[in-house]
Amino acid sequence: NPFSDVSTDDWAYQAVSDLSDQGVVEGYPDGTFKGERNITRYELAQIIARLMAKEDQLNAEQRATLDKLAGEYADELANLGVRVANLEKKVGNISWSGNGYMKFAQGYKTYETGTGKDAVTHYTGKADDKYVGRIRINVKGQVNDSTYVNGLLRSDMNFKDSETSDTYMQRLYVRHAFGDKVEATLGKYDQFFGQTGVFFDSEIKGAEVAFHANDAANLAVGYGRFEDWNGDYADNITDKHEYAYAQFSGEAGRFAYDVDYVNGTSSNKVNIWGAGLTAGLGGGFDVFGDYYKNTDAKGDPDLWTAGLGYGKQDNAKVGSFRVAASYVDAERNAFLGAYTYDASPLDALLNKDVKEVKFWRAEGDVTLAKNVRLHGEYSFDVKTKGTDTDYDDVASVSLNYVF
54 NPFSDVSTDD
64 WAYQAVSDLS
74 DQGVVEGYPD
84 GTFKGERNIT
94 RYELAQIIAR
104 LMAKEDQLNA
114 EQRATLDKLA
124 GEYADELANL
134 GVRVANLEKK
144 VGNISWSGNG
154 YMKFAQGYKT
164 YETGTGKDAV
174 THYTGKADDK
184 YVGRIRINVK
194 GQVNDSTYVN
204 GLLRSDMNFK
214 DSETSDTYMQ
224 RLYVRHAFGD
234 KVEATLGKYD
244 QFFGQTGVFF
254 DSEIKGAEVA
264 FHANDAANLA
274 VGYGRFEDWN
284 GDYADNITDK
294 HEYAYAQFSG
304 EAGRFAYDVD
314 YVNGTSSNKV
324 NIWGAGLTAG
334 LGGGFDVFGD
344 YYKNTDAKGD
354 PDLWTAGLGY
364 GKQDNAKVGS
374 FRVAASYVDA
384 ERNAFLGAYT
394 YDASPLDALL
404 NKDVKEVKFW
414 RAEGDVTLAK
424 NVRLHGEYSF
434 DVKTKGTDTD
444 YDDVASVSLN
454 YVF
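Numbering (my numbering), first residue to last: 54 to 456.
The following block contains the structure:
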């Protein structure tokens with residue numbers, strides 16, 4: 054019965070009262086939640102609907118409470134005729150989301166010499182077209198007020214060379230909050246170093262503890278195996294190896310920054326320091342860049358990028374866009390793969406006779422419809438240092454969807 058009373062002792066009433074004390078409840082019916090009398094389930098559903106309309110303004114703990122309230126009052130919310138997109142993705146304390154793309158991208162053609170353990174893949178430097186698709190389904194289960202489990206199921210399909218698909222669990226981890234300043238993560242979780250994704254944008258199998266002082270100062274320390282790092286990009290480095298890492302990051306006004314450190318064992322020549330910065334210039338312009346140096350490798354090789362961007366693409370705003378241009382310079386043993394780029398001459402470093410690669414990048418994003426984004430990249434003027442110096446320009450274009 055939507056008009057039955059919810060007493061002041063009910064958990065849902067108490068939850069809304071607590072949210073009101075935190076200043077996030079707009080209230081019923083005059084914008085103020087009194088918190089001192091019984092109200093009906095219908096009235097409480099109105100308050101919940103208003104909270105759901107501004108869910109992006111809530112912190113993690115407040116969103117977890119709202120998820121529980123939405124599950125409990127799903128029928129009343131539906132009867133109100135309020136269609137809240139996230140409501141239909143939530144069942145009790147479980148929420149769903151996803152994304153996908155259809156992509157044309159160019160890499161470099163390959164050929165192999167040798168067999169078995171002696172097989173070696175060579176990159177020719179000639180552009181090779183790929184037509185691929187991907188879908189990812191994310192599920193988050195709120196265990197209690199402090200703990201949730203997250204899983205990301207991924208399926209990839211190659212439309213050009215094979216009819217088969219590759220489906221696997223890309224992420225699976227548990228995260229526990231100790232108050233509102235400290236949280237610990239265990240499992241296979243996502244990690245991003247830098248401002249551009251040129252150094253690392255993938256998953257880590259391991260554990261991390263994060264300390265959140267405020268938006269401008271956050272520290273994360275962890276240990277684990279870096280997924281998608283490829284030892285073929287470097288010398289004296291193996292794929293299946295664990296690393297310790299630390300990241301200090303934050304945002305303040307027009308600035309976003311991070312300082313990163315990754316360290317391997319004495320047998321794995323990885324002792325990488327780096328930093329990234331994005332700075333708004335006003336008028337919609339910004340500059341960005343990353344720099345990393347491996348002091349354990351011979352010659353202290355480095356990797357850096359710097360660029361200029363304009364605009365801000367938003368999946369919810371049709372017509373919003375962003376364009377950017379940047380320059381990338383990567384030396385062998387400073388870069389190990391797992392980058393963000395869809396079309397990248399960085400793969401030239403997979404050839405052991407290539408000691409350095411330099412190139413220009415242009416990229417753009419535009420929202421074609423709500424939650425539909427067109428993305429394009431073009432990498433050009435590719436120059437390498439070594440015996441193999443002839444590498445084509447490469448490009449990509451993709452339609453990206455979120456739901």
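Just so you know, even glycine gets a beta-carbon here, dropped at the ideal spot from N, CA and C.
Cross-strand partners of residue i (DSSP beta bridge)
i    : result
I188 : G153 and S208
Q75  : DSSP output for Q75 lists no bridge partner at all.
R307 : DSSP, once it has assigned bridges, lists no residue as partnering R307.
D243 : E256
N457 : Because the chain in this structure spans residues 54 to 456, residue 457 falls outside the shown range and cannot be described.
M105 : Answer by DSSP bridge pairing: none, since M105 is not bridged.
W464 : In this structure the chain extends from 54 to 456, so residue 464 is not present and cannot be described.
T174 : E165
I100 : Beta-bridge pairing links I100 to no other residue.
E261 : T238 and G275
Q159 : D182
I92  : V59
E295 : R278
Residue i classed as buried or exposed, judged by whether at least 16 other C-beta atoms fall within 10 angstroms
i    : result
N457 : In the structure as shown, the chain begins at 54 and stops at 456. Residue 457 is therefore absent and cannot be evaluated.
A273 : buried
K423 : exposed
L334 : exposed
M105 : buried
K241 : buried
E256 : buried
D313 : buried
G362 : buried
V235 : exposed
G167 : exposed
G169 : exposed
V323 : buried
V371 : exposed
Y392 : buried
R426 : buried
L421 : exposed
K107 : exposed
T348 : exposed
S218 : exposed
W64  : exposed
E430 : buried
E165 : exposed
Q110 : exposed
Proximity of residue i and residue j at Cβ, strictly below 8 Å
i    : j    : result
N316 : Y344 : no
S73  : Y66  : no
V410 : V435 : yes
Y184 : K162 : no
G329 : G247 : yes
A260 : Y276 : yes
I190 : W149 : yes
R414 : S449 : no
Q115 : N146 : no
S302 : N321 : no
T200 : S208 : no
L225 : G250 : no
Q244 : F253 : yes
I92  : L130 : no
F456 : F433 : no
V227 : V202 : yes
M155 : S397 : no
A305 : A269 : yes
Whole-angstrom C-beta distance between residue j and residue i, which should lie under 8 Å
i    : j    : result
W282 : G160 : With a Cβ gap of about 18 Å, W282 and G160 do not count as contacting.
D418 : H428 : 5 Å
K179 : D445 : 6 Å
R307 : H294 : Not confirmed; about 38 Å, so no contact.
G364 : G337 : 6 Å
T118 : A158 : The Cβ separation is near 42 Å, so there is no contact.
Min CB distance residue i to chain D below 8 Å
i    : result
W282 : Among the chains of the structure shown, chain D does not appear; only one protein chain is present.
Mind the definition here: the stretch 403-413 touches the stretch 167-176 only if three or more C-beta pairs lie below 8 Å; say whether that holds.
yes
With three or more C-beta pairs closer than 8 Å as the rule, is the stretch 372-390 touching the stretch 348-357?
yes
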